[in-house]
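Numbers in my numbering are just positions in the sequence shown, counted from 1, shifted up by 477. Even glycine gets a Cβ: it sits at the ideal position worked out from N, Cα and C. Reviewing the structure listed below.
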Amino acid sequence: AELSRLLSVYNMSWGAGLIISPFIAGMLASLSVKYPLYAAAVIFFLSLLLMSAAFLYFFRDKNGLYNVKTEGCLPENGRAGDFLRFPAWLGIFVSYSIMGLINNSFPVYAVENIGLGKNQIGIIFFFRSTSNVLGFLLLGFTVRWHFKKRLMIFVFFFLAAAVFLVGRAINPVMLSLLMVFIGLTASYAYSSSAFHCTVYSPRRGMRMAMHEAVISMGLIAGALGGGYVTRYFSFPAACSAVSLLSLSAMSVCAVLLLHYRRKNAVFKPAVQ
478 AELSRLLSVY
488 NMSWGAGLII
498 SPFIAGMLAS
508 LSVKYPLYAA
518 AVIFFLSLLL
528 MSAAFLYFFR
538 DKNGLYNVKT
548 EGCLPENGRA
558 GDFLRFPAWL
568 GIFVSYSIMG
578 LINNSFPVYA
588 VENIGLGKNQ
598 IGIIFFFRST
608 SNVLGFLLLG
618 FTVRWHFKKR
628 LMIFVFFFLA
638 AAVFLVGRAI
648 NPVMLSLLMV
658 FIGLTASYAY
668 SSSAFHCTVY
678 SPRRGMRMAM
688 HEAVISMGLI
698 AGALGGGYVT
708 RYFSFPAACS
718 AVSLLSLSAM
728 SVCAVLLLHY
738 RRKNAVFKPA
748 VQ
């Protein structure tokens, strides 16, 4: 539970930045296009000072407060949680492929094909980012979603249905509701990956590096692949392709979990 809360605070911090930064940049840009760049430089400099102070504090930790040891016996769900990182990584790849497609292709499609204004598109993205942060908040203070294999499978179906409908919805209210759903589902995929790849693991740094790498691969795949399909076919076709990807990933996830369940019908501690 403590790990889940810490991850929630971390996720909410960068999620809140995604919500606040467009508003600040917009207000500064209305005064001068250079002001957002100056503000970004100041924020980066302040962040550098803060991170430097934090690193100095942690490296001087003499009591070992921040040294996490996971040697010994794994809890009942330990081995299950360690294995669940694979379907969790698959889920975060699919969810951020959808994010990459929506971030890069949806605004152009919404303006040219649906006739939405820039303000309407901004509001739709605002709802998605806000729901993302609220999802992190909810997941951080609940534990019922930990080690839930069926939920991990159903998430792929929910994502497939949502992105398929995004490619066919023309009403701003409907699009906003779908973005809220995608934001909530993406927050679960992110939290599930971060939690299951680090819980009970003695190599959390390497696992989190892999977690972030999968996110980057998903964003790139969604942006490039989705952009290609959108350019040569249409945005609805790209949404259908990503929806099919999510359903395929759901099948792979189900096979992985079924195989693991048959192989390990009863989880036992690593050390008796």
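Collapsed DSSP secondary structure at residue i in the structure displayed
i: V571; result: helix
i: L593; result: coil
i: S509; result: coil
i: L542; result: Because L542 sits at a pLDDT of 45, beneath the cut-off of 50, its placement in the model cannot be relied upon, and the point is left open.
i: N554; result: Only weak support is given to the placement of N554: the predicted model assigns it a pLDDT of 48, under 50, and the value that follows is read from those uncertain coordinates. Note: N554 maps to coil in three-state DSSP.
i: V620; result: coil
i: P499; result: helix
i: L561; result: coil
i: A646; result: coil
i: T707; result: helix
i: T607; result: helix
i: P713; result: helix
i: V676; result: coil
i: K625; result: coil
Chain-order list of residues whose beta-carbon lies under 6 Å from that of residue i (same chain, five-residue window excluded)
i: M452; result: This structure leaves residue 452 out entirely; the chain is present only between 478 and 749.
i: A565; result: S669, S670 and H673
i: A637; result: S720, S723 and L724
i: M685; result: none
i: F560; result: Y737
Exposure of residue i, with buried meaning 16 or more beta-carbon neighbours within 10 Å
i: V519; result: exposed
i: V620; result: exposed
i: H623; result: buried
i: S653; result: buried
Min CB distance residue i to chain B below 8 Å
i: L526; result: Judged by its chain identifiers, the structure shown contains no chain B, having just a single protein chain.
Close beta carbons around residue i, own chain, < 8 Å, minus the five adjacent residues each side
i: N609; result: G492, L495, G660, L661, A663 and S664
Beta-carbon contacts of residue i that lie in its chain and below 7 Å, excluding the five residues immediately before and after
i: L505; result: Y512, P513 and A516
Touch test, the region 628 to 648 against the region 563 to 574, Cβ-Cβ under 8 Å, three pairs minimum: yes
Are at least three pairs of beta-carbons, each pair with one atom in the region 484 to 501 and one in the region 664 to 675, less than 8 Å apart? yes
Whether or not the region 578 to 591 and the region 701 to 713 are in contact is what I'm after, with contact meaning three or more pairs of Cβ atoms, one per stretch, closer than 8 Å; do they touch? yes
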